[in-house]
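Residue numbering for the sequence shown follows my numbering, starting at 3 and increasing by one per position.
First up is the structure itself, then whatever we jot down about it.
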Amino acid sequence: MTGVAGADRFVDLAGLLESCEVDGFRADFLSWGHYRPEYWRNYWHSHSFHEVCLAYSGEGRFNSGTAEYDVVPGSVFLARPGDVHEIESSRTAPLGIAFWGFTFRPAASAPGAPHLPGWWSGLTRADGPVMSDRAGSLPSLITALATEAAAPISGYSTALGALGATLVLETARAFALDDDLAVEPVRRDRGPLVVDAMQRHLRDNLSRPITVRDVAAAAHLSERHAERLFTQQTGASIMSTLRRLRLELAAQLLMDHTLSITEVARACGYSDVRPFSTAFKRKYGRTPGNHRRAGGTEFI
């Protein structure tokens, strides 16, 4: 929580971050605050918006309705609209908090979202918890927001909007029930993504000498694993795919009459015209020169 302790520029978000949308909901930010560790008390009151506090040092008490909660560093506590509550710092171990207030309602673009359970239930369920120890990424978000607000530079609006949306989402997650956060198991098959990365490496380096070792290293795999995965996903080996991509590129470049056949060969990874011409004729049934003269219409 040391980062939050130094995030006193959190209050400078006022006027910089006013609203955001996330997952079909709109949040309008109304207050930003940072209390240093010293004795304080805000007496019984309520809000028309959500107010959230994160304790970063000291001790205190959060009273909401008839319930009393002890507050320690890492505690996140919430007053929903209409909740009558008060907060009191300990005198012997003064409470330091960061707090933020916002309205939260469905955006016009997603009227169906409120009717389904999800992370937002942490804010929309009237019977949900108001005290949580699931601070998650809230401390780092507060620190990042304070840093961005302290000295805005080009792009600050986009950065603050993204951080603000994540702040709202992580705030709701802190108070959501486990059942509301549950999703179907996410099945990740990295194979196609890794092969896509290997193919992209091939395309990006067609003019350069390439070996299986180079492609495997780009994907952070052993040569054997890379070759096996590539062949399994594409039905062709890495090197045969490289040859195909080079010759397909050559067929396109030959249509540019400002390039000599030697320049085309080199652009496609061939240091000499003769092996290039042999490979090209084997694939397309005619020499690069004949292909150019015919306009490539049979193949392009």
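Yeah, the Cβ is synthetic: ideal placement off N, Cα and C, and Gly gets one too.
The model shown is predicted, which means the values in this text are computed figures rather than measured ones.
Take the alpha-carbon of Leu18 and the one of Pro154: they are about 9 Å apart. Annotated as proximal: Leu147 and Leu165, with beta-carbon spacing under 8 Å. Between Arg63 and Glu90 the beta-carbon gap is near 5 Å, inside 8 Å, which marks them as a contact. Taking the CA atoms as reference points, Arg175 sits about 7 Å from Trp122. Its chain contains Ala29, Gly163, Gly166, Ala167, Val170 as the residues whose beta carbon lies nearer than 7 Å to that of Cys22, once the 5 sequence neighbours on both sides are disregarded; these appear in chain order. Contact between Phe31 and Pro83 does not hold, since their C-beta atoms are separated by about 15 Å, which reaches or exceeds 8 Å. Take the alpha-carbon of Arg268 and the one of Val188: they are about 45 Å apart. DSSP places Glu23 in the uninterrupted beta strand (DSSP E) bounded by 21 to 24.
Separation of Gly60 and Ala184 (C-alpha to C-alpha, rounded to the nearest whole angstrom) is 33 Å. Per DSSP, Leu97 lies in no beta strand (DSSP E) and is assigned neither H nor E. CA-to-CA, the gap between Ala137 and Val197 works out to about 38 Å.
In chain order, Asp182 place their CB closer than 7 Å to the CB of Gly120, counting only its own chain and leaving out the 5 sequence neighbours on each side. A straight line joining the alpha-carbon of Val86 with that of Gly130 spans about 15 Å. In the three-state reduction of the DSSP assignment, Pro108 falls in the strand class, which pools E and B.
The beta carbon of Leu143 sits closer than 8 Å to the beta carbons of Leu165, Thr168, Leu169, Glu172 from its chain, once the five residues preceding and following it are set aside; these are given in chain order. DSSP links Ala81 through a beta bridge to Glu53.
Our two residues, Leu256 and Gly157, have alpha carbons roughly 43 Å apart in a direct line.
Considered as a whole, the stretch 262 to 292 harbours 263 to 269, 275 to 286 as its complete alpha helix (DSSP H) runs of no fewer than 4 residues, in chain order. In the DSSP assignment, Leu256 falls outside any beta strand (DSSP E), carrying neither H nor E. Nearest to Trp102 by C-alpha distance, out of Phe27, Phe12, Thr4, Ala128, is Phe12. Here Asn207 is not bridged, per DSSP, to any residue. Leaving aside the five residues that flank Glu70 on each side, the residues in its chain whose CB is nearer than 7 Å to its CB run, in chain order, Arg63.
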